[in-house]
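Data first, discussion second: the structure below is written as structure tokens.
This is the structure in structure tokens:
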């Protein structure tokens with residue numbers, strides 16, 4: 007008997023009916039004992055008829071192949087055209103605020119390493135980075151500049167630091183030392199303090215940075231001796247400079 011194909015939902019099931027058990031004689035009536043019916047009972051049928059299910063592999067659900075990698079057309083453009091596009095995308099803000107949690111970066115810098123390498127220098131050279139400093143803590147601009155160094159970025163960048171007036175002589179001297187060595191390029195100016203009071207002390211701090219900037223040929227040992235002469239002037243306006 008040929009197989010019978012039955013469609014069940016999303017799979018094809020092949021049903022094969024086995025032939026009933028061969029009977030010894032050609033007719034059941036001739037072999038049946040007297041008084042018994044030739045029709046097989048239910049127990050006999052349960053042993054002689056079976057149904058087998060076979061799942062057709064042609065209809066099994068196959069996993070979708072991974073999408074093919076597509077190269078960006080942007081990377082194939084001439085260098086001058088790419089840089090022009092990067093400038094149009096990146097140069098939307100003039101000032102970038104840098105805080106303890108970092109700073110906002112354009113999404114273009116996160117696309118791929120090749121684009122980031124080309125666009126990062128544009129981003130740094132066309133923006134002014136503003137650092138919010140507390141207690142003359144120099145670590146924020148230091149981390150920023152070290153990050154640029156790790157990225158092998160050689161371009162100059164504009165940076166300013168705004169600080170809340172809370173004297174800390176140790177932090178100030180360490181900042182001046184790093185500024186003298188070039189590890190930090192951010193200097194404090196008189197207009198970079200939030201508070202309006204302590205004008206004389208603010209002017210003194212700004213002068214200390216100018217001294218380091220214009221007398222960079224001095225060794226740090228001699229420079230530090232010269233800068234320490236400003237400490238009594240600062241302490242006269244705020245005793246916390248003595249701590």
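Residue numbers (our numbering): 7 to 249.
Where a beta carbon is used, it is the ideal one built from N, C-alpha and C, also for glycine.
These numbers were taken from a predicted model, which means no experiment stands behind them.
Query                                                                                                                                  : Result
Residue 305 versus 115, 128, 121, 106, residue with shortest Cα-Cα distance                                                            : Here the chain has residues from 7 to 249 only, and residue 305 is not among them.
First and last residue of the uninterrupted alpha helix (DSSP H) at residue 183                                                        : 175-187
Reference residue 89; option with closest CA among 114, 222, 102                                                                       : 114
Residue environment, residue 96, which counts as buried when at least 16 other CB atoms sit within 10 Å                                : buried
Those residues which DSSP pairs with residue 138 across a bridge                                                                       : 168
Contacts around residue 125, its chain only, beta-carbon distance under 7 Å, and the 5 residues preceding and following it disregarded : 92, 96, 114, 115
Beta-carbon proximity of residue 166 to residue 133, cut-off 8 Å                                                                       : no
Selection from 226, 240, 238, 135 that minimises the alpha carbon distance to residue 109                                              : 135
Cross-strand partners of residue 102 (DSSP beta bridge)                                                                                : 135
Distance between residue 168 and residue 138 (C-alpha atoms, nearest Å)                                                                : 5 Å
Sequence-distant residues of its chain with Cβ nearer than 7 Å to residue 159 (five each side left out)                                : 126, 127, 130
Proximal residues to residue 104 (C-beta, below 7 Å), its chain only, five neighbours per side dropped                                 : 135, 136, 137, 146, 150
Close beta carbons around residue 215, own chain, < 6 Å, minus the five adjacent residues each side                                    : 193, 194
Own chain residues within Cβ distance below 7 Å of residue 243, not counting five before or after                                      : 204, 206, 207
Opposing strand residues paired with residue 108 [DSSP bridges]                                                                        : 105
Cut-off 7 Å between Cβ atoms - residues of its own chain near residue 210, not counting five sequence neighbours on either side        : 236, 239, 240
Inter-residue Cα distance where the pair is residue 249 and residue 185                                                                : 22 Å
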